[in-house]
């Protein structure tokens, strides 16, 4: 979840609330806050609410919860004589722009605006792949005709925070932004660019802006461009930025757009959803009347049109998380307050049941403990060098210690024993757990397999010492096994047996080969066994 | 009452009257340590008197043994010189490590003199007879020579304890004591001729490895019992999953950040899907809701499941007939740094209720009941966001000494999901992370202790009788 750093006093002063109240209200906006220093707090914002990634979006929502303002705010929109022309940009085809005037920034607000831009890039923009935003000081643009097009790599301009002119190629090769984002939109040696009609580049989406139009605390008017691969997301992103800036007093300026999909922007797209009180009450289990519901929805900053039986809810342009009636219902639950929704008394309808494997595991655990074995619990993930045969390898492991999924419990048990050579002997342990094997009959090509493993480590061990209790355990399950001489890479030849029931191999038992002991630095002899529980399930 | 060994020693002493412990050990073929401890017992019982003497003994060091065999370094030097002067470098090459020592001692003993880079012998032959005799027989050697050998670290001095044991009281009746009764002794009545030896019953016993269940597995089993008691049926599924069940069916968009490489473990290869109707419906709900082109190939990528909600998704995909209540407890895998509070594999408890008219308040009631069963009496609900539920809720529970702790994510399943699997009832679902909860409830400081690799930790761990209260 993204977090933002916010100048605390702006929130408290604008809303006239205490810090404790703020924490409580943020809780209801799915957010949590924690102090950074005397003046700043960090707020965690949920992924579904990009409109809260800027302090004025939070203020707008909280004003609703406090009933200081109800319904959707209306923002003044004026015409401008700017023109934004979209040419063909094959791999990043959508672009829109808008103007916002009469804003006053201070250091803190400017920082928070840039943070807003960055957080939108990461979340809505999917790290600038889906959309990217350019913020420009409008006064520093000396053309009314802005063009979105492509340029070749020799094209030159001064990138943000630099003092020398660089070619697009140099920017892609030598700046951190160029290296990180250049590949997203480079196609056939051409990069998307936003430029004045005289050819001066304003930004190179999604990589970098120009130094020419850099914003600072003296900036009073902004040109905002949004480019991307999804038209809906481009529209939404521009809407959420301009409405949040309007919330702090900015005047939204509309631009003429020359493009196949829009003729002006921002679009400030609204949609409406119809809903009934019955639906909401049925979902929530409440008994709210229509007027109460309308009040709660207005607190959530929605405009309402009472149609009699139905309520029409208008979704503001900055709310992209409201997809259908159910999302409206959640808004009612939130403004009503989750902790005011008393949990229903729990009723048991039917008796429950445990999976058969759980029942088998429980019986086997009891028998194993009865056999004098202590239960251990090891990780499923393991280093591949301990595994034999076919196994699943993780493509993106965190550490080599856990880069594969085990196909047998024995290696995990050996690792466990290797770490316990200074413990009191004898060590008698068992584990029941899942391993993963190839299985062409499943949708994934793999399946879990339930195994049980046993081991005895001591200064002297013998085959029979393990075989005897294991035999009694199997007998107690109603199994009368046969032991057949066999070989196994982990065990000593001549001290290894496969365990059979009705001609089906259900396990292996043997004394660990000293070569193996040496390889994993174990100085005590070990005898161990693995039983394949899936194979005996049917017999039981 | 006397033990068999005590009787043996007393019998020996009643003939000899007095003997050293070493002598007794040799004669009775008994380890010297046993003689020491038994004489202590006999002394306490008033049968003997023990006199302790300390004796100095000399022992050759490894070097001492070697020098005795091969000759002292200064002997070697004189032999090498053979009456003629030689260059230092030549001697160094010949004598190696012994060079310095041999020159030192030869000079001190006046056997050579050094002139520039040459060594001139003052004798033609030399045998260190005194030293070698002293090495052979240190006890008889002269003090100065002995001191010299000690300084040269050819011998070491050791203090040895000698016990002299004297009988002071004749045992009245020597009736042998028994340690073990045997069936033969019992059948024959022989046992009456013996006394039964006393044990030191107040001593701690030796280690005995008992079998024991794992405390964390027991915690998981208690949760299973709880869910069963609440009327839920247990289900499970495999660790390797296709993204379709882990994400797509749960309405998680294909470009959702949680699907990125650093949030789940990926596996090479592709799975397969056969339910064409389900694929088509999932495609529809994604494209309608998230407005992008849904790609069936992405949904077939293999991964280690990152949530047990994948199991819930498989239950949904089987289009069960409501009413149903199911739960699963199983492992999930997520890339993370491994430390005291984070693991890359851990457990979740997922639950699903599908019933006509199941409301959000019913869901809150269910969650409250589950946490109550775990022993968390106070719960608090917070609005939350999960792609597959709406309304969504995070459940906080109050833990003694820790305050409010986030415990679970839950919500009513989105209508889009129910539509995809053609279910008309409403459904509630939740996912509960178990490991951290267990760590808090069991009072562990480090989550890795749930998978402790130290057997002594498991052996010493107290077994909770009523951990859920």
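Protein chains in written order, with the working numbering: chain S, 58 to 597; chain D, 55 to 523.
We put the CB at the ideal spot given by N, CA and C, even for glycine.
The structure displayed is predicted, hence computed values, not measured ones.
Beyond the five residues adjoining it in sequence on each side, residue 356 of chain S comes within less than 8 Å, by CB distance, of 121, 122, 124, 127 and 392 in the same chain, given in chain order. Contact check for residue 505 of chain D against residue 435 of chain S passes: the beta carbons are separated by less than 8 Å. Among the residues of chain S, those whose CB is under 9 Å from the CB of residue 268 of chain D are 422, 431, 432, 433, 434 and 488, following chain order.
Residue 397 of chain S sits in a helix when the DSSP states are folded into three classes.
Within the same chain, 397, 400, 401, 501 and 504 come within 7 Å of residue 489 of chain D by CB-CB distance, once the 5 residues on both sides are set aside. When the beta-carbon positions are compared, residue 413 of chain D and residue 289 of chain D stay at least 8 Å from each other. Spanning the alpha carbons of residue 240 of chain D and residue 439 of chain S requires a straight line of approximately 58 Å. Counting only Cβ-Cβ distances below 9 Å, residue 473 of chain S has contacts in chain D at 507 and 509, in chain order. For a cut-off of 8 Å, the C-beta gap from residue 585 of chain S to residue 480 of chain S is around 17 Å, too long to register as a contact.
Annotation: residue 179 of chain S to residue 263 of chain S spans about 12 Å, alpha carbon to alpha carbon.
Close partners of residue 189 of chain S in chain D (Cβ separation under 8 Å) are lacking, with about 15 Å as the shortest Cβ gap.
According to the DSSP assignment, residue 158 of chain D belongs to the alpha helix (DSSP H) that extends over 152 to 162. Nearest CB-CB separation between residue 589 of chain S and chain D: not below the 8 Å threshold.
From the listed residues S:383, S:361 and S:365, the smallest Cα separation to residue 373 of chain S is found for S:361. Considering only D:258, D:302, D:374 and D:329, the residue with the shortest C-alpha distance to residue 344 of chain D is D:302. In the DSSP secondary-structure assignment, residue 548 of chain S is bridged to S:569.
Across the segment 64 to 96 of chain S, CB contacts with chain D closer than 7 Å involve 84, 85 and 87, in sequence order along the chain. Apart from the 5 residues on each side of it in sequence, residue 110 of chain S sits with its Cβ closer than 7 Å to the Cβ of 59, 61, 102, 173, 176 and 177 in its chain, given in chain order. The beta carbon of residue 552 of chain S sits closer than 6 Å to those of 520, 567 and 568, all from its chain and outside the five residues before and after it, given in chain order. In terms of Cα proximity to residue 288 of chain S, the closest of S:73, S:119 and S:326 is S:326. The C-beta of residue 489 of chain D comes no closer than 8 Å to any C-beta of chain S. Under the three-state reduction of DSSP, residue 277 of chain S is assigned to coil, being neither helix nor strand.
Annotation: residue 370 of chain S to residue 336 of chain S spans about 14 Å, alpha carbon to alpha carbon. Interface residue (Cβ-Cβ distance to chain D less than 8 Å): residue 349 of chain S is not classified as such. Taking a C-beta cut-off of 9 Å against chain S, the contacting residues of the segment 325 to 340 of chain D are 325, 326, 327 and 328, listed in chain order.
Looking at the DSSP output, residue 215 of chain D bridges to D:108. Taking 3 residues as the minimum length, the beta strand (DSSP E) runs contained wholly in the segment 120 to 156 of chain S are 134 to 143, in order along the chain. Neighbourhood of residue 337 of chain S in chain D, by CB distance below 8 Å: empty, with the nearest CB roughly 10 Å away.
For residue 457 of chain S, the closest alpha carbon among the candidates S:596, S:426, S:441 and S:148 is that of S:441.
Under the 8 Å criterion on CB atoms, residue 387 of chain S is classed as interfacial with respect to chain D.
Partner residues in the beta bridge of residue 400 of chain D, as assigned by DSSP, are D:386. Under the DSSP assignment, residue 458 of chain D falls in the beta strand (DSSP E) whose first and last residues are 457 to 467.
In terms of beta-carbon proximity, residue 420 of chain D lines the interface with chain S, with at least one pair separated by less than 8 Å.
Annotation for residue 230 of chain D: 58, 61 and 248 place their beta carbon closer than 7 Å to its own, counting only its chain and skipping 5 residues before and after. Approximately 7 Å separates the beta-carbon atoms of residue 112 of chain D and residue 193 of chain D; this is inside 8 Å, confirming the contact. The DSSP-derived three-state label of residue 378 of chain S is coil.
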